[in-house]
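Below is one structure, written out as structure tokens; comments come after it.
Protein chains: 2
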Amino acid sequence: MAQKPSIPKGTRDFSPEEVAKRNYIFNTIQTEFKRFGFQPIETPSFENSSTLMGKYGDEGDRLIFKILNSGDFLRKADEKSLSEKDSLSLTSSISEKALRYDLTVPFARYVVQHQNEIEFPFKRYQIQPVWRADRPQKGRFREFFQCDADVVGSKSLWQEVEFVQLYDSVFNKLGLDGVSIKINNRKVLSGFAEVIGEQDKLIDFTVALDKLDKIGEEGVKKEMREKGISEEALNKIQPIFNLKGSFAEKIEGLKGILEGSENGQKGIEELQFIQKAIEEMPLSAARLDLDVTLARGLNYYTGAIYEVAAPENVKMGSIGGGGRYDDLTGIFGLKDMSGIGISFGLDRIYLVLEELGLFPETVTENTKVLFINFGEKEALYAMKAVRELRAKNVIAELYPDSAKMGKQMKYADKRQIPYTVLAGEEEMDQQKFTLKNMKSGEQSSLDISGLAEILK
Amino acid sequence: MAQKPSIPKGTRDFSPEEVAKRNYIFNTIQTEFKRFGFQPIETPSFENSSTLMGKYGDEGDRLIFKILNSGDFLRKADEKSLSEKDSLSLTSSISEKALRYDLTVPFARYVVQHQNEIEFPFKRYQIQPVWRADRPQKGRFREFFQCDADVVGSKSLWQEVEFVQLYDSVFNKLGLDGVSIKINNRKVLSGFAEVIGEQDKLIDFTVALDKLDKIGEEGVKKEMREKGISEEALNKIQPIFNLKGSFAEKIEGLKGILEGSENGQKGIEELQFIQKAIEEMPLSAARLDLDVTLARGLNYYTGAIYEVAAPENVKMGSIGGGGRYDDLTGIFGLKDMSGIGISFGLDRIYLVLEELGLFPETVTENTKVLFINFGEKEALYAMKAVRELRAKNVIAELYPDSAKMGKQMKYADKRQIPYTVLAGEEEMDQQKFTLKNMKSGEQSSLDISGLAEILK
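Residue numbers (my numbering), protein chains in the order written: chain A, 2 to 457; chain B, 2 to 457.
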């Protein structure tokens, strides 16, 4: 019996229209990456498990898709794990490869492996799918694309500036105005923990602070109390919640709060450098905003932290993020390589453009003209014209069968092809074509160059 | 201890230059696919195992990469297979998903699953990676891209013609002259078996005949004898080996050989239709050739069979292939859907273009100009210029650190960046830039619009 076909949960088929729209976003991002001097690399879809495991925490390890060894994999299976039916400990003996979980770890692996072929600083971009065994839900998939740009090999703050410009440039090209690029600095967060005397609770502190948007000031304080942060510390924090105004005004406020912390002052300097540079070179589509609650992958970032919010009239989580990490490649044995990078969230950007109607109408590149098939001789006459039109970059097709006229017209209609050409014996005698505008119904008799002229 | 990084055997990292060259081929193929009216779809990297298993024969099943179920996979594992350590029978109980092995089966699945959203005939293209647990060897990888175009829903021979034109068009755009598009027809092969009275040995017969290029006439006959094909039959075959001359001449020869076979005559008619159409619409870069020994995936194809050979001066296997299959979607329950499709072999086309030096020099899109960094003030002045140049589509970069001049120049040199800009206090005072041609060493003093003019 035939199978009823389906695809695994959390994965997607993309229709021609969806592929065209996704490619529009990919191409826009890629064009800007290139314009900014980033170079493409690609890495394999699966890596050795040892490259990926242990890099994303226990939760990450669990969410990595493992590939079963080929052939008689049980021959090398760990006996003890087998007899105890311990799936977790058995895995490493029956699976040596795993699907890429993100693009950052493979990039770090690439840099270390190819360090002798690379000129540093190395600006690379990478647009490839990643896979996560996450529970699928709205907007969360088990296979999705990441679009990353990173630089390794320099600590220059001009890179922080450049990534702000890169975000702005991409959203400008996508016609997406009103995006907010939020920035923070890990050193500022460390400074807060220092100043309130809770350095050992830095993670708990920032994780709670990061939720301000969602649970409000009281919620954040409640969570901090639960994590054992003292009342005294909470009192000292208060000015953080009161930070208001422009980027420059918030900076002034911060200077007061972080007066006692050298680390914090360093973070402020870095933020100020970026702010001043952007002031000198104003953005086009986006707004740069200081958000001292922003933490993201804190364990990872050591300097700047970015997050991009969609325009305020669209309800959507962050559509991009990134930051600086001072030891990207240390895990693979190459020390002192500072890196900074950003990522674009393709699926969410897609939803935002869809909601705001920002996809250009021309994005789908549909067939422009369908030649109606009246039989073998007429079809050859039509195919010759189709060939000439294609040479002039007009997407033209011949209906393959000499089916009933109504069927062919209906096909053109359903596929939203804007023009049809009818050419029977009479047209052939005169070396002409009858062009029909499918919308207006208007018909005109043209020779091949007239046809090309209108359809181009 | 840090791990020494490596990638799984049979997989590849692609450097910026390689990605650029691969994208050049992808883009060329994609542009022609679009021009011919094919529409893109994409399917998930992994499918339900039931979708893939059993579709490629036992050998194929073995070469499909299986994904281990997430979580406590042993809980649902088959007890009997576990205790008997039977890897093969255990697999289906601990793995429900598998990586795509080709693009054809997922396409068939897509067509059946989405049949109500599709207008037939449906012309689709698909450019995505596939994975095979094959033994890696020169030119054979465990992850590689396929570039496929197929039509389903019509038996019209105009499609056979169109695919010949499509091949020609792509190779013409790639500047690859002298490609040979070899064509055959399954019905001609069936006719041979009929005429010599060995219908039940059709597969053995065609598999042997397909090797004529490699093992010669005597080798083919030897293999046929070993497979139990009679001497009488071998005598009747002789005229096949003697077929010579042009496409039209070979057709005439075939007519005699296949006189007794209705099926064979039908095959000849189909070939003749294609040949005449191409005669009316001559090819640009390729040559159409009749090769009656061509069999390829015989179990699969029911009509036309294509294979593309690289130009004669390049030693390389086939760089493309395809054919018509009358029941593509039957395995998923949708009957009577004739399909025809072709594929481009990216990796081999890459090697051919490399060997013949056919990649355009502009393909890598390297940075055009590097601004030397003399310190914070100068860098801001440079960044403003970089920003203006980028807006004019010039790929420009600032060296991120104010390192020693020699180091920065060396970086430009190693990255083969053709221009550098030096702008210190003097230049800033005059609102000028010193542009240095890295090849000639020539320097000139320009304002921003002069800079843009030269670099554009």
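Beta carbons are placed, not taken as given, at the ideal position from N, Cα and C, and that holds for glycine.
Quiz item: Q282(A) versus chain B: which residues are under 8 angstroms apart at the beta carbon?
Solution: As a working mapping, residue 282(A) is identified with position 281 in the first sequence. According to the sequence displayed, residue 282(A) carries Met and not Gln. Within chain B, the residues near M282(A) are M384, K385 and R388.
Quiz item: Which two residues bound the contiguous alpha helix (DSSP H) that contains Y25(A)?
Solution: Translated into positions along the first sequence, residue 25(A) becomes position 24. Looking at the DSSP string, the run of the alpha helix (DSSP H) that includes Y25(A) is P17 to R36.
Quiz prompt | F123(A) beta carbon less than 8 angstroms from that of V165(A) | solution = Here residue 165(A) is taken as the residue at index 164 of the first sequence, counted from 1. Here residue 123(A) is taken as the residue at index 122 of the first sequence, counted from 1. Not closer than 8 angstroms, so no.
Practice problem: Select from the region 90-116 of chain B all residues with a C-beta closer than 8 angstroms to any C-beta belonging to chain A, and list them in chain order. | Solution: If the cut-off is 8 angstroms between Cβ atoms, the region 90-116 of chain B has L91, T92, I95, S96, E97, K98, L100, R110, Y111, V113, Q114 and H115 near chain A.
Exercise. Using a threshold of 8 angstroms, state whether the C-beta atoms of Q273(A) and I252(A) are closer than that.
Key: Numbered from 1 along the first sequence, position 272 holds the residue referred to as residue 273(A). Numbered from 1 along the first sequence, position 251 holds the residue referred to as residue 252(A). Their beta carbons are under 8 angstroms apart, which means Q273(A) touches I252(A) by this criterion.
Quiz item: Taking buried to mean at least 16 other C-beta atoms within 10 Å of its own C-beta, is G192(A) buried or exposed?
Solution: As a position in the first sequence, residue 192(A) is number 191, starting the count at 1. G192(A) should be labelled buried.
Practice problem: Compare the Cα-Cα distances from E308(A) to each of G342(A), L235(A) and M282(A) and report the closest residue. | Solution: Stepping through the first sequence from its first residue, residue 308(A) is reached at position 307. Closest option to E308(A), Cα to Cα, is G342(A).
Quiz item: Helix, strand or coil: which one does DSSP assign to G257(B)?
Solution: Locating residue 257(B) in the second sequence gives position 256, counting from the first residue. The answer is helix: DSSP assigns G257(B) an H, G or I state.
Self-check item: Entirely enclosed beta strand (DSSP E) segments - the region 255-342 of chain B, minimum 3 residues
Solution: Runs of the beta strand (DSSP E) inside the region 255-342 of chain B: 287-291, 305-310 and 319-326.
Practice problem: Anything in chain B within Cβ reach of D14(A), meaning under 8 angstroms, just list it in chain order. | Solution: By one-based count along the first sequence, residue 14(A) stands at place 13. Near D14(A) (Cβ distances below 8 angstroms), the residues of chain B are I42, E43, T44, P45, Y111, Q114 and H115.
Self-check item: Residues near K174(B) in its chain [Cβ-Cβ closer than 8 angstroms; skip 5 each side]
Solution: Residue 174(B) sits at position 173 when you count from the first residue of the second sequence. Excluding residues within five positions, the ones whose Cβ falls inside 8 angstroms are T29, T32 and E33.
Practice problem: Give the single residue among M439(A), V208(A) and N394(A) whose Cα lies nearest to the Cα of K415(A). | Solution: The residue labelled residue 415(A) in the question sits at position 414 within the first sequence. Among M439(A), V208(A) and N394(A), the Cα nearest to that of K415(A) is on M439(A).
Quiz prompt | Runs of alpha helix (DSSP H) wholly within the region 103-133 of chain B (minimum 4 residues, chain order) | solution = The alpha helix (DSSP H) runs lying completely inside the region 103-133 of chain B and spanning 4 residues or more are 105-114, given in chain order.
Quiz item: So, using beta-carbon positions, are Q129(B) and F146(B) closer together than 8 angstroms?
Solution: Reading the second sequence from its first residue, position 128 is the one you call residue 129(B). Reading the second sequence from its first residue, position 145 is the one you call residue 146(B). Contact flag set, yes.
Self-check item: chain A contact for E454(B) (CB, 8 angstroms cutoff)
Solution: Stepping through the second sequence from its first residue, residue 454(B) is reached at position 453. No - not a single Cβ of chain A is within 8 angstroms of the one on E454(B).
Practice problem: Examine chain A for any beta-carbon lying closer than 8 angstroms to the beta-carbon of V131(B), and answer yes or no. | Solution: The sequence position of residue 131(B) within the second sequence is 130, counting from 1. No, no contact with chain A.
Exercise. Assign L447(A) to one of three DSSP states: helix, strand, or coil.
Key: The sequence position of residue 447(A) within the first sequence is 446, counting from 1. Three-state DSSP puts L447(A) in a strand.
Quiz item: In whole angstroms, what separates the C-alpha of S7(B) from that of I119(A)?
Solution: As a position in the second sequence, residue 7(B) is number 6, starting the count at 1. As a position in the first sequence, residue 119(A) is number 118, starting the count at 1. Here the C-alpha atom of S7(B) lies approximately 16 angstroms from the C-alpha atom of I119(A).
Quiz item: Can you tell me whether F121(B) is buried or exposed, with buried defined as 16 or more other CB within 10 angstroms of its CB?
Solution: Numbered from its first residue, the second sequence carries residue 121(B) at position 120. It counts as exposed.
Quiz item: Okay, do the region 7-21 of chain B and the region 79-99 of chain B touch, 3+ Cβ pairs below 8 angstroms being the bar?
Solution: Per the Cβ contact rule, the region 7-21 of chain B is not in contact with the region 79-99 of chain B (fewer than 3 Cβ pairs under 8 angstroms).
Self-check item: Backbone CA spacing between F206(B) and I182(B) [nearest angstrom]
Solution: As a working mapping, residue 206(B) is identified with position 205 in the second sequence. As a working mapping, residue 182(B) is identified with position 181 in the second sequence. The straight-line gap separating the alpha-carbon atoms of F206(B) and I182(B) is approximately 23 angstroms.
Exercise. Under 6 angstroms Cβ to Cβ from L456(B), same chain only, skipping five residues before and after it: list those, please.
Key: Along the second sequence, one-based indexing puts residue 456(B) at 455. Answer for L456(B): K369, V370 and V395, listed in chain order.
Practice problem: Determine the chain E residues that contact L399(B) at a beta-carbon separation under 7 angstroms, and present them in chain order. | Solution: Going by chain labels, chain E is absent from the structure shown, which instead holds the protein chains A and B.
Quiz item: Are the C-beta of V165(B) and some C-beta of chain A separated by less than 8 angstroms?
Solution: Numbered from 1 along the second sequence, position 164 holds the residue referred to as residue 165(B). Not flagged as an interface residue toward chain A: V165(B), since no C-beta distance is shorter than 8 angstroms.
Quiz item: Interface residues of chain A around V20(B) at Cβ under 7 angstroms?
Solution: For this step, residue 20(B) is matched to residue 19 along the second sequence. Going along chain A in sequence order, the residues near V20(B) (Cβ under 7 angstroms) are P41, I42 and E43.
Quiz item: Which word fits K77(B), buried or exposed, when buried means at least 16 other C-beta atoms lie within 10 angstroms of its C-beta?
Solution: Position 76 of the second sequence, counted from the start, is the residue given in the question as residue 77(B). Label assigned to K77(B): exposed.
Practice problem: Please compile the residues from chain B whose C-beta is within a distance smaller than 7 angstroms of the C-beta of I396(A). | Solution: Residue mapping note: residue 396(A) aligns to position 395 of the first sequence, counting from 1. At a C-beta separation below 7 angstroms, I396(A) has these neighbours in chain B: K35, R36 and G38.
Self-check item: N-terminal and C-terminal residue of the alpha helix (DSSP H) that L167(A) is part of
Solution: The residue you call residue 167(A) lines up with position 166 of the first sequence. Segment W159 to K174, the alpha helix (DSSP H) holding L167(A).
Quiz item: Mind checking if T303(B) is an interface residue toward chain A, Cβ cutoff 8 angstroms exclusive?
Solution: Against the second sequence, residue 303(B) aligns to sequence position 302. Taking 8 angstroms as the threshold, the shortest C-beta distance from T303(B) to chain A does not fall below it.
Quiz item: Which residue's Cα is closest to the Cα of A286(B): G407(B), Q239(B), Y302(B) and L177(B)?
Solution: Along the second sequence, one-based indexing puts residue 286(B) at 285. The shortest C-alpha separation from A286(B) is found at L177(B).
Exercise. Evaluate the contact criterion for the region 101-114 of chain B versus the region 50-70 of chain B: three or more CB pairs, one atom per stretch, below 8 angstroms.
Key: Touching, yes.
Quiz item: Quick one: Cα of G72(B) to Cα of V131(A), how far?
Solution: Residue mapping note: residue 72(B) aligns to position 71 of the second sequence, counting from 1. Residue mapping note: residue 131(A) aligns to position 130 of the first sequence, counting from 1. Rounded to whole angstroms, G72(B) to V131(A) spans 19 angstroms at the Cα level.
Self-check item: Contact list for the region 342-367 of chain A against chain B, Cβ threshold 7 angstroms
Solution: Result list: E366.
Practice problem: Using a Cβ cut-off of 8 angstroms, pull out every chain B residue sitting near I238(A), in sequence order please. | Solution: As a position in the first sequence, residue 238(A) is number 237, starting the count at 1. The contacting residues do not exist; I238(A) stays about 34 angstroms from chain B at best.
Exercise. Assign A397(A) to one of three DSSP states: helix, strand, or coil.
Key: The residue given as residue 397(A) occupies position 396 in the first sequence. Three-state DSSP puts A397(A) in a strand.
Quiz prompt | Span separating the alpha-carbon of K139(B) from that of G217(B) | solution = For the purposes of this step, residue 139(B) is taken as the residue at position 138 of the second sequence. For the purposes of this step, residue 217(B) is taken as the residue at position 216 of the second sequence. In a straight line, the C-alpha of K139(B) is about 25 angstroms away from that of G217(B).
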